[in-house]
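Chemist: Below you'll find the structure I mean.
Residue numbers (the working numbering): 50 to 215.
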């Protein structure tokens, strides 16, 4: 799961990766890339082939487990968001903090660091993709100032797109 959720950003966009640690280890992260379009191109060249080699394509003749679905995703073409959307929200962000971190200012500070660094490097807006059934993460991003973007032609059907102007 780590390779799918954060691996590409950690490997190809490390300047915009912030990690939260406590005495037990890593308990959160805020990751991003200034412009998702060249990032996706880099992923196709430098990240996806490595993942395809690491994770063989599961057989499609049976019901897949969640892990196999993630493995399969490295072998499928990634949907690209519409250019009209990316003109206003070019930066991809991903953030999560373990529920044991109860101080809300920690998440706000991490988001502020990430968004400030993206803005300082030319971004005018950021977006994230969230599964519609993940109420905790939807609420988490909402509290941090992200709002749901109206569905557009070309948006993936299986995620909610949240955005924030910078």
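Beta carbons are placed, not taken as given, at the ideal position from N, Cα and C, and that holds for glycine.
Could you check what DSSP says for residue 109 in three-state terms: helix, strand or coil?
Modeler: Along the chain shown, read from residue 1 onward, the residue named residue 109 stands at position 60. Residue 109 falls in the coil class under three-state DSSP.
Chemist: With distances taken Cα to Cα, identify the nearest neighbour of residue 97 among 181, 124 and 80.
Modeler: Here residue 97 corresponds to residue number 48 of the chain shown, with the count starting at 1. Comparing Cα-Cα distances from residue 97 to each of 181, 124 and 80, the minimum goes to 124.
Chemist: Compare the C-beta of residue 191 with all C-beta atoms of chain C and state if any pair is closer than 7 Å.
Modeler: The chain labelled as chain C is not found in the depicted structure, where only one protein chain is given.
Chemist: In whole angstroms, what separates the C-alpha of residue 173 from that of residue 194?
Modeler: Here the question's residue 173 lines up with position 124 in the chain shown. Here the question's residue 194 lines up with position 145 in the chain shown. Using only the alpha carbons, I get a separation of about 15 Å.
Chemist: Taking C-alpha atoms, which residue in 112, 95 and 116 lies nearest to residue 105?
Modeler: For the purposes of this step, residue 105 is identified with residue 56 of the chain shown, where counting begins at 1. Among 112, 95 and 116, the Cα nearest to that of residue 105 belongs to 116.
Chemist: Name the residue from 83, 52 and 149 whose alpha carbon lies nearest to the alpha carbon of residue 71.
Modeler: To locate residue 71, count along the chain shown from 1; it is residue 22. Closest by alpha carbon: 149.
Chemist: For residue 82, which three-state DSSP category applies?
Modeler: Taking the first residue of the chain shown as 1, we reach residue 82 at position 33. In the structure shown, residue 82 sits in a strand (DSSP, three-state: E or B).
Chemist: Does the Cβ of residue 140 have 16 or more other Cβ atoms within 10 Å, making it buried, or fewer, making it exposed?
Modeler: Translated into positions along the chain shown, residue 140 becomes position 91. Result: buried.
Chemist: For residue 163, tell me which candidate among 64, 76, 147 and 118 has the shortest Cα-Cα distance.
Modeler: As a working mapping, residue 163 is identified with position 114 in the chain shown. Ranking 64, 76, 147 and 118 by Cα distance to residue 163 puts 64 first.
Chemist: Per the contact definition of three or more C-beta pairs closer than 8 Å, is the stretch 78–92 in contact with the stretch 127–144?
Modeler: Yes, since at least three Cβ pairs between the stretch 127–144 and the stretch 78–92 fall closer than 8 Å, the two stretches touch.
Chemist: Determine the burial state of residue 11: buried for a count of at least 16 other Cβ atoms within 10 Å of its Cβ, exposed for fewer.
Modeler: Outside the modelled stretch of the chain, which goes from 50 to 215, sits residue 11, for which no answer is possible.
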